[in-house]
Amino acid sequence: MRLTCLRRVSTLFWHIFCDMYSKKSFGEVQVVMNETLEKTTFQNRITGILETEYPLIQGPMRSITLGEMAAAVSGSGGFGQIAFSGLTPGQLSEEIKKARKLTGRPFGVNIPLHRPYAREAIEISAALGVRVITTSGGNPSGVMDLIKQAGLKVLHKVSTLETALKAEAAGVDAVIATGYEAGGHLGRTDVTTFCLVPQLAGSLKIPVVAAGGVADARGFLAALVLGAEGVEVGTRFLATRECPLPERSKQLVLEARCESTLVMGRDEKMPVRVLKVTSSDSGQGAPVGGEGDVPVVTFFIPCGQSAGLCGELLGLGEVFPLMMEEARSISGQIAKFLMGGK
Ligand SMILES: Cc1cc2nc3c(=O)[nH]c(=O)nc-3n(C[C@H](O)[C@H](O)[C@H](O)COP(=O)(O)O)c2cc1C
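The opening residue of the sequence shown carries number 4 in our numbering; numbering runs sequentially from there.
Okay, here's the thing in structure tokens:
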């Protein structure tokens, strides 16, 4: 296992070191390294499937990530997604058309398989030129024939090794491993991204995308070292200027710490991670009930632990390019460290 991890680190920096062996001084080596890193976009199997510049996916968020948001993220080099959850088939068509008008780049549609009209959503997506969808909330084997006949590629969201192996056997192109830190609906096993990703990467042949807890370049690079070939980012996009949440909600996300969320819905076997918000926080009147410091959740913002890492309000199109820029810079520091530099 340790050897696998070392191989992943060295693969990450292989292209940099290749050039370096032919150089003489540390200074020359550094110049080559910086030039190489300036150009890298981390192309791999995931960028091949998505046909994107970066292996960075905007997480679908019900009633939030619609056509405009998906188009803005795709336009910035990542993979934007329209969430079908909460839409009718007709509304989905409209959102896809809206996104298509705004960007020529690929974007996707997320289809929860347990919801009504999932099959129609697959057909509509294909008919309107979407090439990659993501699926969640169910076993994909029942719709794989339809997906493949429609010429679509599919990434399926999983939270356990068992469901990941089933999805791979069913023929999905990649899995999105969703850890316990993530915002929105979770698996029922409470396994963190840090443990789930290496487990899946070590057991599957298809690529793994990490979701849950990634809000910046540090999380992205950590996910690569764990064996992921891309990341899906949800919560970070709640704190963006164009996100259609009320301004007060965005402020609460920005003010949150990593410990500011809780998981609800366990009794109903539908766990969902939300921001702890009191009625006074929400601006909806005085707090009700609650003992001592225990907050009373009076309205829900599905939100991940990574709210504590968001830092500042960004433009939608800034999130992924900034993540790439910082990833290049951190990679440079790691490469320097591996070479024995300071
Ligand atoms: C407000 C919100 C709504 C979400 N809605 C959906 C959804 O409709 N479908 C889905 O597959 N995932 C949904 N998710 C999960 C995200 O797509 C993504 O996988 C997750 O946010 C990644 O973890 P992060 O929050 O730590 O970035 C939602 C997440 C949030 C925060």
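C-beta atoms are modelled at their ideal positions from N, C-alpha and C, and glycine is treated no differently.
Grab me the residues of PRO305's own chain with a C-beta within less than 7 Å of its C-beta, minus the 5 sequence neighbours each way, in chain order.
In the sequence shown, the residue the question calls residue 305 occupies position 302. Same-chain partners within the cutoff: GLY186, GLY187, VAL275, ARG276, VAL277.
Locate the alpha helix (DSSP H) running through GLN94, then write down its first and last residues.
In the sequence shown, residue 94 corresponds to position 91, counting from 1. Note, GLN94: alpha helix (DSSP H), 92-105.
So what's LYS151 in DSSP terms, helix, strand or just coil?
Along the sequence shown, read from residue 1 onward, the residue named residue 151 stands at position 148. LYS151 falls in the helix class under three-state DSSP.
Give a single yes or no on whether SER77 has its beta carbon closer than 7 Å to a heavy atom of ligand 1.
In the sequence shown, counting from the first residue as 1, residue 77 sits at position 74. No, since every heavy atom of ligand 1 falls outside the 7 Å radius drawn around the Cβ of SER77.
For MET273, collect the residues of the same chain with a Cβ closer than 7 Å to its Cβ; drop the 5 residues on either side in sequence, then sort them by chain order.
Indexing the sequence shown from 1 puts residue 273 at position 270. Residues HIS188 of the same chain have their beta carbon placed closer than 7 Å to that of MET273, with the five preceding and five following residues left out of the count.
By the DSSP assignment, the alpha helix (DSSP H) with LEU224 in it spans what residues?
On the sequence shown, residue 224 is found 221 positions in, with the first residue counted as 1. 220-229 is the extent of the alpha helix (DSSP H) around LEU224.
Could you tell me if the beta carbon of SER309 falls within a distance shorter than 7 Å of some heavy atom in ligand 1?
Along the sequence shown, read from residue 1 onward, the residue named residue 309 stands at position 306. Answer for SER309: yes, Cβ within range of ligand 1.
Any heavy atom of ligand 1 inside 7 Å of the beta-carbon of ALA214?
Locating residue 214 in the sequence shown gives position 211, counting from the first residue. Yes; taking the cut-off as 7 Å, the Cβ of ALA214 has a heavy atom of ligand 1 nearer than that.
As a quick exercise: from ALA310, HIS159, SER128, PHE323, pick the residue whose alpha carbon is nearest that of GLU56.
Along the sequence shown, read from residue 1 onward, the residue named residue 56 stands at position 53. Answer by Cα proximity: PHE323.
Shortest alpha-carbon distance to THR68 belongs to which of GLY93, GLN84, GLU54?
Counting from one through the sequence shown, the residue named residue 68 turns up at place 65. Out of GLY93, GLN84, GLU54, GLN84 has the C-alpha closest to the C-alpha of THR68.
Less than 8 Å between the C-beta atoms of ALA310 and ALA259, yes or no?
Position 307 of the sequence shown holds residue 310. Position 256 of the sequence shown holds residue 259. Yes, Cβ-Cβ distance for ALA310 and ALA259 is below 8 Å.
Count the other C-beta atoms from every protein chain shown that fall within 10 angstroms of the C-beta of ALA213, then say buried if there are 16 or more, exposed otherwise.
Locating residue 213 in the sequence shown gives position 210, where the first residue counts as 1. Within a 10 Å sphere around the beta-carbon of ALA213 sit 16 or more other beta-carbons, which makes this residue buried.
Where does ARG239 land, buried or exposed, given buried means 16+ other C-beta within 10 angstroms?
Translated into positions along the sequence shown, residue 239 becomes position 236. Buried, because 16 or more other Cβ atoms sit within 10 Å of the Cβ of ARG239.
Can you give me the Cβ contacts of THR181 inside the same chain, cut-off strictly under 6 Å, excluding the 5 residues immediately before and after it?
Counted from its first residue, the sequence shown places residue 181 at position 178. These residues qualify, in order along the chain: LYS160, SER162, ALA214, GLY215.
Identify which residue in GLY30, VAL34, GLU31, THR44 has its Cα closest to the Cα of GLU329.
Numbered from 1 along the sequence shown, position 326 holds the residue referred to as residue 329. If we check each option's Cα against that of GLU329, THR44 comes out closest.
Between which two residues does the alpha helix (DSSP H) containing THR50 stretch?
On the sequence shown, residue 50 is found 47 positions in, with the first residue counted as 1. Taken as a continuous stretch (DSSP letters only), the alpha helix (DSSP H) holding THR50 covers 48-53.
In terms of residues, what are the limits of the beta strand (DSSP E) holding LYS156?
Counting from one through the sequence shown, the residue named residue 156 turns up at place 153. Counting along the chain, the beta strand (DSSP E) containing LYS156 begins and ends at 156-161.
Is it the case that the segment 246-256 contacts the segment 217-236, given that we only count it when at least three CB pairs across the two stretches are under 8 Å?
no
State the Cα-Cα distance for the pair VAL217 and LYS208, rounded to the nearest angstrom.
Taking the first residue of the sequence shown as position 1, residue 217 is located at position 214. Taking the first residue of the sequence shown as position 1, residue 208 is located at position 205. Rounded to whole angstroms, VAL217 to LYS208 spans 23 Å at the Cα level.
For PRO119, count the other beta carbons within 10 Å of its own beta carbon; 16 or more makes it buried, fewer makes it exposed. Which is it?
Position 116 of the sequence shown, counted from the start, is the residue given in the question as residue 119. Under this definition PRO119 is an exposed residue.
Do the CB positions of VAL112 and SER128 come within less than 8 Å of each other?
To locate residue 112, count along the sequence shown from 1; it is residue 109. To locate residue 128, count along the sequence shown from 1; it is residue 125. In this structure, SER128 lies closer than 8 Å to VAL112 by Cβ.
Quick check on LEU265: buried or exposed, where buried means 16 or more other Cβ atoms within 10 Å of its Cβ?
Position 262 of the sequence shown, counted from the start, is the residue given in the question as residue 265. LEU265 counts as exposed, since fewer than 16 other beta carbons sit within 10 angstroms of its beta carbon.
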